[in-house]
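K.L.:
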Amino acid sequence: MPISATGTSHAKIILIGEHSVVYHQPAIALPLPAVKTTVTITERSGNQQWLISRYFSGNRSDAPIQLNGINHLLDVLLTRFNHSQAGFTLEIRSQLPAERGMGSSAATAVAIIRALYDYFKLPLTHEQLLLDADISEHIIHGNPSGLDVATASASAPVWFVTGDTPTSLPFHLDGYMIIADSGIYGQTGSAVANVAKTLSHHPRRGKHLIEELGELTKDAKDALGHNAIQKLGTILDAAQVQLKALGVSHPTLDKLIRIAKANGALGAKLTGGGMGGCMICLVENVNVAKRVKQALIDAGAAATWVQPLLSEELADETDNVTR
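Okay, structure coming up:
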């Protein structure tokens, strides 16, 4: 029987603090274990190295430019392990959509690294995992913050301030988080430019909005640690008001947020760069989660995911597959 090994990771969302984090305010990212990436490596005769993914299947030497980050990561690790001529098939199965602010590339890197170390029976520390994942993230993103990789490998919310090492937050919160994909590619560059424009043209107002987002993020940290789900919902609503005022929302996101609130969500906001991408909403129990999820689907959400925040109950894997 061929030797095989598997590595897993998961998605992430920015709970609060996107955009303001660029201006030295804190942000909180939330791991989403219900939205998984799985990488399986299986021994292959000869020295062919085969990739199987949603974007490409074939010899990795023929992979398109979109997989340059993965290929570079494999080159570096296989050379380090003295197995550059090893033959294998590497299959990537992911429930994460690309370019939606959910950390797709970081999740893929983390799963590949875990699978490779397991396949070659090598020890892997968390510190080494973060360092190795940055190899592909630098190819893909140029100068990554480290937040995506830290959250893709985390089991608790991550507190992040630009220039500091991401740290885990104490976490005690009942309820469910629903993530909905607007079906529109996020426009992070345009959104960042909009924020900069607001700060340039209306400095006092822009500074106030950024500082308010920073204060809301600190309040969210407290709510996460004290099971204050109603308070956290109110904080998410307030953050959306600030983000919309900064010009980074989108009519489709606004519509999905309204529908979530109308169907019982405690709070809702965009997540990530904005101007497309995803929105999130917080609900207090599984029955409300099902109702809000269906309402978002009926309203045209391209995909939805449900993440239990504390309960042992797992989200339906089938519902969370990205097609």
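Residue numbers for the sequence shown follow full-length UniProt numbering, so the first one is 1 and each next one is one higher. Think of the CB as a built atom: it goes at the ideal place given N, C-alpha and C, for glycine as much as any other residue.
(1) Would you mind working out which of Leu253, Glu212, Thr42 sits nearest Pro26, comparing C-alpha positions?
(2) Whose C-alpha, out of His202, Ala115, Thr6, Ser104, is nearest the C-alpha of Arg54?
(3) Just how far apart, CA to CA, sit Leu199 and Leu246?
(4) Using the Cα positions of Gly101 and Pro251, report the straight-line distance between them to the nearest angstrom.
(5) Put Tyr185 into one of helix, strand or coil per three-state DSSP.
(6) Could you check if Ser57 is buried or exposed, using at least 16 other CB atoms within 10 Å of its CB as the buried criterion?
(7) Using C-beta distances below 8 Å, list every residue in its chain close to Ile113, excluding the 5 sequence neighbours before and after it, in chain order.
(8) Do Gln187 and Gly276 have their C-beta atoms closer together than 8 Å?
(9) With a threshold of 16 other CB atoms inside 10 Å of the CB of Thr165, please say whether the residue is buried or exposed.
(10) Does the separation of the CB atoms of Ala180 and Leu256 fall below 8 Å?
(11) Rounded to a whole number of angstroms, what is the C-alpha to C-alpha distance between Gly274 and Ile235?
(12) His19 and Thr162: beta carbons closer than 8 Å?
(13) Determine the DSSP secondary structure at His72, reduced to helix, strand or coil.
P.N.:
In this structure, then:
(1) Within the sequence shown, residue 26 is the residue found at index 26, counting from 1. Of the candidates Leu253, Glu212, Thr42, the one whose C-alpha sits nearest the C-alpha of Pro26 is Glu212.
(2) Within the sequence shown, residue 54 is the residue found at index 54, counting from 1. Check the Cα spacing between Arg54 and each of His202, Ala115, Thr6, Ser104: the tightest is with Ser104.
(3) Here the question's residue 199 lines up with position 199 in the sequence shown. Here the question's residue 246 lines up with position 246 in the sequence shown. Roughly 9 Å between the two C-alpha positions.
(4) On the sequence shown, position 101 is the one that residue 101 refers to. On the sequence shown, position 251 is the one that residue 251 refers to. When the Cα atoms are used, Gly101 and Pro251 turn out to be separated by approximately 18 Å.
(5) Looking up residue 185 in the sequence shown gives position 185. Correct three-state label for Tyr185: coil.
(6) By 1-based counting over the sequence shown, the position of residue 57 is 57. With fewer than 16 Cβ atoms within 10 Å of its Cβ, Ser57 is classed as exposed.
(7) What you label residue 113 is simply residue 113 of the sequence shown in a count that begins at 1. Excluding residues within five positions, the ones whose Cβ falls inside 8 Å are Gly7, Leu73, Leu77, Leu124, Leu129, Asp132, Ala133.
(8) Residue numbering aside, residue 187 sits at position 187 when the sequence shown is read from its first letter. Residue numbering aside, residue 276 sits at position 276 when the sequence shown is read from its first letter. Closer than 8 Å, so yes.
(9) Locating residue 165 in the sequence shown gives position 165, where the first residue counts as 1. By the neighbour-count criterion, in which a residue is buried when 16 or more other Cβ atoms sit within 10 angstroms of its Cβ, Thr165 is exposed.
(10) On the sequence shown, position 180 is the one that residue 180 refers to. On the sequence shown, position 256 is the one that residue 256 refers to. In contact: Ala180 and Leu256 (Cβ atoms closer than 8 Å).
(11) Walking along the sequence shown from the start, residue 274 turns up at place 274. Walking along the sequence shown from the start, residue 235 turns up at place 235. For Gly274 and Ile235, the distance between alpha carbons rounds to 18 Å.
(12) Residue mapping note: residue 19 aligns to position 19 of the sequence shown, counting from 1. Residue mapping note: residue 162 aligns to position 162 of the sequence shown, counting from 1. No, Cβ-Cβ distance for His19 and Thr162 is not below 8 Å.
(13) Numbered from 1 along the sequence shown, position 72 holds the residue referred to as residue 72. Collapsing the DSSP output to three states places His72 in a helix.
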